[in-house]
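Okay, so the sequence shown: first residue is 106 according to this note's numbering, each after it adds one.
Every residue gets a Cβ at the ideal spot worked out from N, C-alpha and C, and that includes glycine.
I have placed the structure first, in the form of structure tokens, so that the comments after it can refer back to it.
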Amino acid sequence: MKKIACFALAGLLALASCSDFLDADNKSNVTSDDYFNTPAGFETLVNYAYAQLKVLYGGSPAIFSSGTDLYHRGRNAQSDAGLQNYTGLNPENSTVAAFYTDCYEGIQAANCVLHYAKTTEGTETTIAKRVAEARFIKALYYFELVQHFGGVPLVKDYVKSIVNNVPRATLADTYAYIFDELNALTGAASPLPAVDKSGRISKQAVYHYLAKAYLTAGWDLNVSAHFTTAAAWADSAIALGTGLDETFESLWWPANDNNHQEVVLAIQYDSTSSIAAGLAKADYGNSWQTNFCQYLGGNDQGYKGTSSNFLPSERLMYLFQPGDTRYEATFMTTLYCKDPTKPKTTGDYYAPYKGTASSRYVAFYYPPHYASSPADIAAWKAADTLYRATTVVIPMASTTIHPNGAACTYYEACTEGDAVFGIAAVRKFDDPESIYGNNTCYRDIVLARLGETYLIAAEAYLKAGVQGTADDRLNVVRERAFRGSGLAYTKNNVTIDDILEERALELCAERLRWTDLRRTQKLINYNVLYNPELTDASSFIGNDGKNKIYRPIPQSAIDLNTATIEQNEGFGSAPAQ
């Protein structure tokens, strides 16, 4: 399918105005008004607004995944420990500041499209569609902001020069603006297509995010009617799809990108186009395959490059149960090598995707906790005595072993200084065509899919008091997960904890967990129970005696804004004595 072009021009990461975008590569002295009022120039602005999504979502998962029950540091100390342990999280945090800035740069890019849409040349139909796309993108950025920070300053229109007096909107007003932008894109008059698989916005994407926004607002504002609205929008998004017909493994198989009816919205990548445009492949991909994996040796050893961070927690591993096909589809449970005497230096990590697995020795095998007894391991080795005889079997259980055979705990296998090959790597985002670097993954980034939409519906119906329908929506997801196993999969009288467990399994590593826990008011509880990087709830208490439930408003944003911006609770000064 056609990919949306990404115009990567030097110096555009701090976009202050539309003219700055043109100035970066303006060799013919064309003014911004002249250029952006042409069809080609206007499309450039639209493409740039889409490309900004790669900036927000293509890098580190720290802001989305740190400080939860499902992921923790690897053998290296996490570069931003404050996000993981909360004690050191403060308004000077650079990761939080970058996220905040990226969101507002994306909002400015969308506003730039809306500004020139009023005067640009082109067909009325095309312009109307691009306006709808820009409004959605802007609403998406504000939804990210409101989930992480609460109410934020609302920049509703294109800003041509620096504005430093923008008051912070209330939480309710921020949600109201998001609802207004998204609701305007629904109905028969909307220029958006019902569905779209090219990476552009569709009505289905609008419905999905309306459902999620109303669901989150229902929790945050304590408005029960929002849950009913969220359930209705989720069902509307589901109605435009074909269910969860595809297996979970097929959904994440690299060769199947762009061919999924389940995907509602994805940021699409194309290494061929990037290389053809003269861009270095190592610079314009994303980092998704490098995270949620332990160190697997040097990149020249045949295993994929990893960050050795955001490792799946013991808690996550124990959520998987017999018959759940998502375990094998989520984790690379088998690491292959070409020489059984040198398994760490002759790896063939991508063998399953390239069809070479049948002639490769198994260097490491990572069975789930429920299939890791001595008898289980002996049976697994006996099934292939040639290629499995020398395999190091590392159970994904509370008591496991290092690759050298020494006994250890699961957390020690993740974090000790020489911990290599100790934990099963998340495979969902693997790119067999990558060159092992940090930004060489050209797999599409799935932002929304029906697997999550069903779970949004389940949560919304539960909060709206419709228990039976909540059970039904959740069990659609579980039916696909257990399909073919012959084991019972249904759950009845589901609770919020059940839904969060299902989201952990279905959406593993999809960068949703922190907002899930904050939304459902489980952030402190789940961290205290399952996050090994903190000891108790006191880690959340700030100098002002309040809990750190949101991210801190960056101090730089407060200092540069002449309007009075109140800091979030947990990050204020200590009360006067």
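Under the three-state DSSP convention, the category residue i falls into
i, result
"residue 525", "coil"
"residue 144", "helix"
"residue 370", "strand"
"residue 613", "coil"
"residue 246", "helix"
"residue 414", "strand"
"residue 425", "coil"
"residue 496", "coil"
"residue 260", "coil"
"residue 203", "helix"
"residue 133", "Its pLDDT being 43, under 50, residue 133 is placed unreliably by the model, and nothing is read from it."
"residue 111", "Any reading at residue 111 needs caution, since the residue's pLDDT is 30, under 50, leaving its predicted position unreliable; the model's value is listed next. The answer is coil: DSSP assigns residue 111 none of H, G, I, E or B."
"residue 505", "strand"
"residue 298", "coil"
"residue 479", "helix"
"residue 473", "strand"
Classification of residue i by the beta-carbon crowding that lies within 10 angstroms, buried from 16 upward
i, result
"residue 367", "buried"
"residue 283", "buried"
"residue 448", "buried"
"residue 267", "exposed"
"residue 584", "exposed"
"residue 285", "exposed"
"residue 593", "exposed"
"residue 626", "exposed"
"residue 463", "exposed"
"residue 673", "buried"
"residue 556", "buried"
"residue 533", "buried"
"residue 272", "exposed"
"residue 226", "exposed"
"residue 120", "Model confidence at residue 120 stands at a pLDDT of 40, short of 50, so the residue's coordinates are unreliable; what they give is reported in the following sentence. Looking at its Cβ environment, which holds 16 or more other Cβ atoms inside 10 Å, residue 120 is buried."
"residue 411", "buried"
"residue 256", "buried"
Residues that DSSP places opposite residue i in a beta bridge
i, result
"residue 442", "452, 466"
"residue 652", "646"
"residue 391", "546"
"residue 530", "437"
"residue 273", "258"
"residue 551", "371"
"residue 176", "417"
"residue 511", "Looking at the DSSP assignment, residue 511 forms no beta bridge with any residue, so it has no partner."
"residue 398", "414"
Proximal residues to residue i (C-beta, below 7 Å), its chain only, five neighbours per side dropped
i, result
"residue 356", "365, 367"
"residue 506", "499, 512, 513"
"residue 362", "548, 549"
"residue 233", "296"
"residue 134", "Low per-residue confidence applies at residue 134: pLDDT is 45, beneath 50, and the placement is therefore not dependable, though the value from the model is reported in the following sentence. Contacts found: none."
Neighbourhood of residue i by C-beta, 6 Å cutoff - its chain only, sequence neighbours within 5 removed
i, result
"residue 354", "434"
"residue 332", "323, 565, 568, 569"
"residue 482", "498"
"residue 246", "208, 211, 212"
"residue 345", "299, 300, 309"
"residue 334", "319"
"residue 578", "559, 562, 563"
C-alpha gap between residue i and residue j, whole angstroms
i, j, result
"residue 396", "residue 229", "43 Å"
"residue 670", "residue 201", "17 Å"
"residue 668", "residue 205", "17 Å"
"residue 633", "residue 171", "14 Å"
"residue 640", "residue 295", "51 Å"
"residue 473", "residue 486", "15 Å"
"residue 610", "residue 425", "7 Å"
"residue 654", "residue 551", "27 Å"
"residue 619", "residue 427", "27 Å"
"residue 145", "residue 293", "28 Å"
"residue 421", "residue 523", "23 Å"
"residue 484", "residue 446", "22 Å"
"residue 418", "residue 600", "22 Å"
"residue 616", "residue 307", "22 Å"
"residue 635", "residue 518", "17 Å"
"residue 496", "residue 371", "38 Å"
"residue 127", "residue 159", "At residue 127 the pLDDT is 47, less than 50, meaning the model places this residue with poor confidence; the figure from the coordinates comes in the next sentence. Distance between the alpha carbons of residue 127 and residue 159 is about 20 Å."
"residue 657", "residue 588", "43 Å"
"residue 329", "residue 248", "19 Å"
Spatial neighbours of residue i in its chain, beta-carbon cut-off 8 Å, leaving aside the 5 residues before and after
i, result
"residue 759", "Examination of residue 759 is not possible in this model, given that the chain is present from 106 through 682 alone."
"residue 340", "562"
"residue 581", "348, 349, 559"
"residue 598", "572, 576"
Distance cut-off 8 Å: residue i Cβ against heavy atoms of the ligand ATP
i, result
"residue 221", "The ligand ATP is absent from the structure shown, which contains no ligand whatsoever."
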